[in-house]
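Visitor: First the structure, which I've put down as structure tokens, then a few questions once you've had a look.
Protein chains: 2
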Amino acid sequence: MDTKFSVAIHILAMISETADVLNSKALAESVGTNASYIRKVLALLKNANLITSHQGKAGYDLSRPASDISLLDIYYATQEVQHVTLFQVHQNTNPECPVGQNIEGAVAPLFHSVEAQLESQLAHQSLADVIANLYEQAGRKA
Amino acid sequence: MDTKFSVAIHILAMISETADVLNSKALAESVGTNASYIRKVLALLKNANLITSHQGKAGYDLSRPASDISLLDIYYATQEVQHVTLFQVHQNTNPECPVGQNIEGAVAPLFHSVEAQLESQLAHQSLADVIANLYEQAGRKA
């Protein structure tokens, strides 16, 4: 898996907590990547309506409070999906074989239930939780 | 993600529920793939000690009862890992930036907690559950 998910969390935390106007170069310096990668992630976050930019004004704002942006929202935005898919069931099984005929129906519900629980866990963690962790971490080092 | 995980579940269910001696060709026919892919997955299952073969005798046996083989065991065997890693935190963040300095410590515990819960869900589903689903599916069609 790529790091778009965690980079997006980083960007959103910066947008939320920094008073300065942030451009992609400043974000890239904090994240430790290049500005073009940052612009790609910013475009995904804009597409998903998690951030807004204002015409004729530099910088970005969160579209809603950090407590209303879940990790699931950020995951969906960066992976460009609407469901978590962790596991794939093989296709082309032999319909003449009792196992081949029924394996998808036997396995898919188990996979989907695990995926649904993961979605629910990510839905219950918000950007505000990450930001609270950031301050806690910073406080511990101070 | 590849389908080694679900193919392995299929193979293990066949080994558990078929009285006939199964070679990789017969397994490949049920799974709908080639025998060389099946042999690759069988080798992973043998390495993880989930199946045993007997010298001078064709076929395979489960190393322990299906109820003692969890989906997590099968996942670890086929992915050749000892932990579930779903998400990666980006590295090389800027230590001069308060967010860059603390983002890993803020995000990694959230990721790990989600991963640990996924492990626990897979640990609580066994091959026996899949086999029960197989019979239920077959019964529904009968």
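For the protein sequence lines, the chains are W and Y, in the order given. Under the working numbering, the residue at position 55 of the first sequence is numbered 59, and the numbers go up by one with no gaps. Under the working numbering, the residue at position 38 of the second sequence is numbered 42, and the numbers go up by one with no gaps. Think of the CB as a built atom: it goes at the ideal place given N, C-alpha and C, for glycine as much as any other residue.
(1) So, does the stretch 75-88 of chain Y touch the stretch 41-59 of chain Y, judging by three or more C-beta pairs under 8 Å?
(2) With 8 Å as the threshold, decide whether the Cβ of Y/D133 is near any Cβ in chain W.
(3) Unbroken alpha helix (DSSP H) runs of length 4 or more, entirely within the stretch 34-76 of chain Y: which are they?
(4) Are there three or more Cβ pairs, one per stretch, closer than 8 Å when the stretch 40-48 of chain Y is compared with the stretch 107-122 of chain Y?
(5) Can you find a CB in chain W that lies within less than 8 Å of the CB of Y/Q125?
(6) List the residues of chain Y whose Cβ lies closer than 7 Å to the Cβ of W/I73, in chain order.
(7) Using 10 angstroms around the beta-carbon of W/A17, count the other beta-carbons present and answer buried if the total reaches 16, otherwise exposed.
(8) Taking all protein chains shown into account, do 16 or more other C-beta atoms lie within 10 angstroms of the C-beta of Y/D77, making it buried, or fewer, making it exposed?
(9) Find out if the Cβ-Cβ distance for the pair W/Q129, Y/Q121 is shorter than 8 Å.
(10) What are the residues in the stretch 90-112 of chain Y lying within 8 Å of chain W by C-beta distance?
(11) For chain Y, check one thing: does any of its Cβ atoms lie closer than 8 Å to the Cβ of W/H14?
(12) Do you know whose CA, among W/G63, W/A132, W/T7 and W/Y139, lies nearest W/A23's CA?
(13) Determine whether the Cβ of W/G36 lies closer than 8 Å to any Cβ atom of chain Y.
(14) With a threshold of 16 other CB atoms inside 10 Å of the CB of W/A127, please say whether the residue is buried or exposed.
(15) Does Y/A17 get closer than 8 Å to chain W when you measure Cβ to Cβ?
(16) Looking at W/K29 and the ligand PLP, is the gap between the Cβ and the nearest heavy atom below 7 Å?
(17) Would you mind telling me which residues of chain W sit closer than 7 Å to Y/A142, beta carbon to beta carbon, in chain order?
(18) Please list the terminal residues of the continuous alpha helix (DSSP H) segment that includes Y/P102.
(19) With 8 Å set as the bound, which would you pick, yes or no: does the beta-carbon of W/N137 sit closer than that to a beta-carbon of chain Y?
Guide: For this structure:
(1) yes
(2) yes
(3) 39-51
(4) no
(5) yes
(6) Ordered by position in chain Y, no residue passes the 7 Å Cβ test against W/I73, which lies about 14 Å from the chain.
(7) buried
(8) buried
(9) no
(10) L90, F91, Q92, V93, H94, Q95, N96, T97, N98, C101, P102, V103, G104, Q105, N106, I107, G109, A110 and V111
(11) yes
(12) W/G63
(13) yes
(14) exposed
(15) yes
(16) As far as ligands go, the structure on display features none, and thus does not contain the ligand PLP.
(17) P102 and N106
(18) P102 to A127
(19) yes
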